[in-house]
Amino acid sequence: MPGAPTIREALDAAQQATDRIEARVLLREVLNQSDAWLLAHDDELLTAEQAQQYVALAVRRVAGEPVAYITGRREFYGREFVVNPSVLIPRPETELLVELALQRLPAGESYSVLDLGTGSGCIGITIAAERPRAQVTLVDVSEAALEIARVNALQWAPANTVLLHSDWYSAVAAERYDLIVANPPYVAEGDAHLQQGDLRFEPRTALAAGVDGLNDLQRIIAEAPQHLRAGGWLLLEHGFDQAVACAWLLEAAGFQDVFNAPDLAGIPRVSGGRLDS
Ligand code: GLN
4 MPGAPTIREA
14 LDAAQQATDR
24 IEARVLLREV
34 LNQSDAWLLA
44 HDDELLTAEQ
54 AQQYVALAVR
64 RVAGEPVAYI
74 TGRREFYGRE
84 FVVNPSVLIP
94 RPETELLVEL
104 ALQRLPAGES
114 YSVLDLGTGS
124 GCIGITIAAE
134 RPRAQVTLVD
144 VSEAALEIAR
154 VNALQWAPAN
164 TVLLHSDWYS
174 AVAAERYDLI
184 VANPPYVAEG
194 DAHLQQGDLR
204 FEPRTALAAG
214 VDGLNDLQRI
224 IAEAPQHLRA
234 GGWLLLEHGF
244 DQAVACAWLL
254 EAAGFQDVFN
264 APDLAGIPRV
274 SGGRLDS
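Residues in the sequence shown are numbered from 4 upward in steps of one, following our numbering.
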């Protein structure tokens with residue numbers, strides 16, 4: 004762009020390569036302003052330095068880097084979470100998992116909750132923030148992920164979250180919880196989606212789980228009864244074609260009230276069951 008562009012020109016230029024909403028997110032990042040400010044000042048000139056920074060971010064986006072990794076943030080359930088390439092980017096469909104967990108945790112009562120493979124921490128931390136009397140343990144096998152989860156836990160629920168380095172249940176072997184939630188890796192190793200879009204930049208270990216994507220779901224379900232109190236719930240996010248397998252695994256592990264819930268796109272997305280009381 005020769006000379007300094009106005010905000011409108013900067014957005015128009017990037018729109019050809021990415022979309023306008025993303026272009027605005029990137030410009031907001033450079034200017035450190037709100038959307039409303041950008042709209043109200045769209046004939047203001049960028050400085051040469053701002054224009055340069057903006058072009059650099061747009062180039063990264065055009066190369067495929069997810070917006071959330073460029074800005075280092077993603078909104079989830081009304082709160083902003085810090086993210087980096089060590090953690091999966093929080094997705095809107097995962098809010099269903101949180102919703103179903105909250106339905107099983109009436110406000111005002113005390114619970115212990117385990118979030119397995121917490122990543123950014125968005126699931127367990129949201130539960131902890133929404134239910135201040137719940138004690139939420141966040142575990143991950145990745146130290147790098149735990150660093151990010153720690154930043155988010157400090158921001159949103161410092162009083163009732165605990166972080167542990169753990170390969171699924173390994174560090175909580177002797178504990179029992181009222182509710183266990185997990186959004187484990189569940190994509191099949193050979194799935195073409197792993198080579199597309201944001202997934203190319205996300206941690207493979209947080210996405211893929213064996214030839215059918217069921218490796219981790221299977222292990223989490225099979226071992227859950229040893230870590231739940233009587234009457235406790237296990238809730239799991241899974242892939243579009245894994246609801247039947249999850250129901251079967253849950254029943255085989257002795258769970259009752261096995262259910263599946265579709266996400267907003269109508270895709271079977273969360274399965275769960277209750278341990279016999
Ligand atoms: N839902 C993610 C996807 O985009 C996968 C997340 C996961 O494996 N837990 O495919």
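Note that the Cβ used here is the ideal one computed from N, Cα and C, for glycine as well.
For G275, the uninterrupted beta strand (DSSP E) segment begins and ends at 271 to 278. Residue burial is scored here from C-beta neighbours: W251 has fewer than 16 other C-beta atoms within 10 angstroms and is therefore classed as exposed.
Note that the stretch 164 to 178 does not touch the stretch 94 to 111; fewer than 3 beta-carbon pairs, one per stretch, sit closer than 8 Å. Between G127 and V144, the beta carbon gap of about 15 Å keeps them out of contact (Cβ cut-off 8 Å). Per the coordinates, the alpha-carbon of G269 lies some 33 Å from the alpha-carbon of A61. Sorting H44, L197, G193, L166 by C-alpha distance to the C-alpha of D118 places L166 at the top. With contacts defined as CB atoms closer than 8 Å, R179 and H230 qualify as a contacting pair.
When only Cα atoms are considered, A131 and A137 end up about 6 Å apart. Taking 8 Å as the cut-off, the beta carbon of A160 is found no closer than this to the beta carbon of V190.
Within the same chain, Cβ atoms closer than 7 Å to the Cβ of E192 are found at A211, G213, V214, the five residues on either side in sequence being excluded. Within a 10 Å sphere around the beta-carbon of T50 sit fewer than 16 other beta-carbons, which makes this residue exposed. The C-alpha of D279 is placed about 34 Å away from the C-alpha of N155.
Look at R232: its beta carbon is at least 7 Å from all of the heavy atoms in the ligand GLN. According to the DSSP secondary-structure assignment, S89 is paired through a beta bridge with no residue. In terms of Cβ geometry, N218 and T97 do not form a close pair [threshold 8 Å]. Here S274 is buried: its Cβ has 16 or more other Cβ atoms, across all protein chains shown, within 10 Å. With a contact defined as Cβ atoms closer than 8 Å, L238 and L91 miss out at about 17 Å.
Just so you know, the alpha carbons of T129 and Q198 end up roughly 30 Å apart. Relative to A256, the option among G120, L34, Q221, S123 whose CA is nearest is Q221. Within the stretch 56 to 132, complete alpha helix (DSSP H) segments of at least 4 residues are found at 70 to 74, 97 to 106, given in chain order. Cβ contact annotation for A26 (same chain, cutoff 6 Å, sequence separation greater than five): L14, A17, Q18, in chain order.
Distances taken from the Cβ of N186 to the heavy atoms of the ligand GLN include one shorter than 7 Å. Per the coordinates, the alpha-carbon of A176 lies some 33 Å from the alpha-carbon of D194. For A233, the enclosing beta strand (DSSP E) starts and ends at 231 to 240. The ligand GLN approaches Y189 closely enough that one of its heavy atoms is under 7 Å from the residue's Cβ. No heavy atom of the ligand GLN is found nearer than 7 Å to the CB of R203. Here I73 is not near L41, since their CB atoms are 8 Å or more apart. The beta-carbon distance between G122 and A148, rounded to whole angstroms, is 5 Å. This is short enough to meet the 8 Å contact definition.
The three-state secondary structure of V190, taken from DSSP, is strand.
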